[in-house]
Amino acid sequence: MGGANQNRYTACFQFKDELMAFNRREKYIIPLVDHAPDDPIDDQRSQGAWNKALNGKPSPDELVEELEKLYSRQRDYPDQFLPKPPPEELIPWMTGLATRDWWANTLEVDKNQMTGWFTGRSKKLDGIVEQRVADWYQRLRDAMVKTSTLTKLGRLGVEKKTCLEHCLRLIEDGEKITDELLKTMAWAWYAEAKIIDWADPKCGYPEVAFDETNRLHMLLYQDSHNWIDEAEADGWEGVRSSLPPDDVWEITEGVEKAWGGKVDDPHGLNKPLYYKRYRASYRLVWDRDLRKYNMKDHHIVSVQDGDVWRNPTEREKAGWDDGAKFFWAELRAERDGTARYTR
């Protein structure tokens, strides 16, 4: 007989309150963890599975793991989720971020007056709301940037390679490697962050408090000092620069290839492309953080048609479809326990 995921592992998510403080609404959380494209057939079932997991009910461990990853990212690197600055038209922007009641509480405005302002009946509040939103956004931004910076510093300072690469980049930017920086890196590695509450944004870390009586702080601090002294003595030889080779920040290149055929296209999505040769252009841009070139633009320039190279059709411009929608549908079915199995 067939069975559906009879040996699935389950787990319970424990940080809903923290995610709600950061994201304000459940409906804002699910799209951040459900990476599958929209599928009208099973979207409702998937939504229910995620809501169940978010609310701490026993759920497939892969769902709980995704929620925990999101919690960790938002706690440690909140600046990745910083919204765009407030525009002149505040109401659509504010409505997209939170409820009217949430804004009333956060901005300390009477709820009835806040509702009136949202509906255009309390224009006298315009100046008050604009100023308080601007102040709130600045506090949110400062809290997010400071939290993320401290997380990065802590993780950069714990390993010799990353520590030296960061310090060399400071030198390349004309900055100095200070004793205060090294102490902050040592402290941040052992400090614990809390997720930011958007209603009262503050840095997720406590105040920096390097403790010279703390053996762990001192060991990491002394290690970084020794690493830097050795690197300076060796002229930073062997430490990867954050600057591109030969000061070349961008590279544009072309390539000539051929698309695959039926054997490479199990869902039959690319029949118009089978075995055609094409020429493509792409642009590589140097990434100082990763210390490598990343592809930014890629497009089909021309397609061979007999002995002639012609402009690509719209379908050819789109390139090869790898069938991601089928992959996600199958993954969802496996995850939600609806996959069909045969003996």
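Following the numbering used here, the numbering of the sequence shown begins with 778 at its first residue and continues without gaps. From the three backbone atoms N, C-alpha and C, an ideal C-beta is built for every residue, glycine too.
Return no unless some Cβ of chain C is closer than 8 Å to the Cβ of residue i.
i: Arg1087; result: Structure shown: chain C not included; a single protein chain is present.
Could you check the C-alpha separation between residue i and residue j for me, to the nearest Å?
i: Asp1082; j: Lys1053; result: 8 Å
i: Trp1036; j: Glu1093; result: 10 Å
i: Leu1067; j: Glu942; result: 11 Å
i: Leu927; j: Leu958; result: 10 Å
i: Gln915; j: Tyr848; result: 23 Å
i: Arg801; j: Ile973; result: 11 Å
i: Ala1095; j: Arg1065; result: 30 Å
i: Met1072; j: Lys901; result: 50 Å
i: Glu1009; j: Ser1001; result: 12 Å
i: Phe895; j: Arg877; result: 8 Å
i: Pro869; j: Lys829; result: 30 Å
i: Glu949; j: Pro1021; result: 12 Å
i: Ser1019; j: Leu945; result: 8 Å
i: Asn1003; j: Ala968; result: 22 Å
i: Val1025; j: Val1062; result: 9 Å
i: Leu1050; j: Gly1038; result: 8 Å
i: Tyr786; j: Pro837; result: 6 Å
i: Leu930; j: Asp1042; result: 46 Å
i: Glu803; j: Gly873; result: 13 Å
i: Val841; j: Ala798; result: 18 Å
i: Glu936; j: Ile954; result: 16 Å
i: Asp1161; j: Lys861; result: As shown, the chain starts at 778 and ends at 1120. That puts residue 1161 outside it, with no answer to give.
Assuming residue i and residue j make a contact with CB atoms under 8 Å, what is their CB distance in whole Å?
i: Gly934; j: Ala963; result: 6 Å
i: Lys979; j: Ala1057; result: About 48 Å separates the two Cβ atoms, so there is no contact after all.
i: Val810; j: Glu839; result: At roughly 10 Å, the Cβ-Cβ gap does not stay under 8 Å, so Val810 and Glu839 are not in contact.
i: Leu859; j: Arg918; result: 6 Å
i: Pro863; j: Ala911; result: 6 Å
i: Leu796; j: Ile807; result: Not really, about 11 Å apart at Cβ, beyond 8 Å.
By the DSSP assignment, the beta strand (DSSP E) with residue i in it spans what residues?
i: Glu1030; result: 1027–1035
i: Val1085; result: 1085–1087
Report all residues from its chain with a CB closer than 6 Å to the CB of residue i; omit the five preceding and five following residues, and keep chain order.
i: Pro817; result: Caution is warranted here: a pLDDT of 45 is assigned to Pro817, below 50, making its placement in the model unreliable, and the coordinate value is therefore given only provisionally. Excluding positions up to five away in sequence, the list is empty.
i: Thr939; result: Leu933
i: Ser1079; result: Arg1056, Trp1086
i: Ser899; result: Gln890, Gly893
How far does the alpha helix (DSSP H) with residue i in it reach, from first residue to last?
i: Asn1071; result: No alpha helix (DSSP H) holds Asn1071; the beta strand (DSSP E) holding it covers 1069–1082.
i: Trp964; result: 956–967
i: Ile948; result: 937–949
i: Asp912; result: 903–933
i: His994; result: 992–1010
i: Ser849; result: 838–853
i: Trp879; result: 877–884
i: Val810; result: 803–810
i: Asp794; result: 793–800
i: Gln890; result: 888–895
i: Gly1096; result: No alpha helix (DSSP H) holds Gly1096; DSSP gives it neither H nor E.
i: Pro869; result: 867–874
Whose C-beta lies closer than 7 Å to the C-beta of residue i among residues of the same chain, with five residues either side of it excluded?
i: Gly833; result: Cys789, Phe790, Gln791, Lys793
i: Arg850; result: Gln857
i: Val922; result: Asp856
i: Met891; result: Arg877, Trp880, Ala881
i: His1075; result: Ala1057, Tyr1059
i: Val985; result: Thr961, Trp964
i: Lys888; result: Asp878, Ala881
i: Glu1033; result: Arg1054, Arg1056
i: Asp1098; result: Leu1046, Asn1047
By DSSP's criteria, residue i is part of a beta bridge. Which residues make up the other side?
i: Tyr1055; result: Lys1034, Val1080
i: Asp1064; result: Lys1069
i: Thr1090; result: None; Thr1090 has no bridge partner.
i: Ala788; result: Ser836
Do residue i and the ligand ZN come close, with the Cβ less than 7 Å from some heavy atom?
i: Gly1038; result: Among the components modelled here there is no ligand, and therefore nothing to report on the ligand ZN.
Taking 8 Å as the limit between beta carbons, can you name the residues of its chain near residue i, skipping five residues before and five after?
i: Arg909; result: Leu884, Glu885, Val886
i: Ile1077; result: Tyr1055, Arg1056, Ala1057, Pro1089, Glu1093, Lys1094, Gly1096
i: Ala970; result: Arg852, Asp853, Thr924, Leu927, Thr928, Gly981, Tyr982
i: Lys1069; result: Trp1063
i: Gln821; result: With a pLDDT of only 48 at Gln821, under 50, the local geometry of the prediction cannot be trusted, and the value read off the model is given with reservation. Once the five neighbours on either side are set aside, Gln821 has no close Cβ partner at all.
i: Leu867; result: Val906, Glu907, Val910
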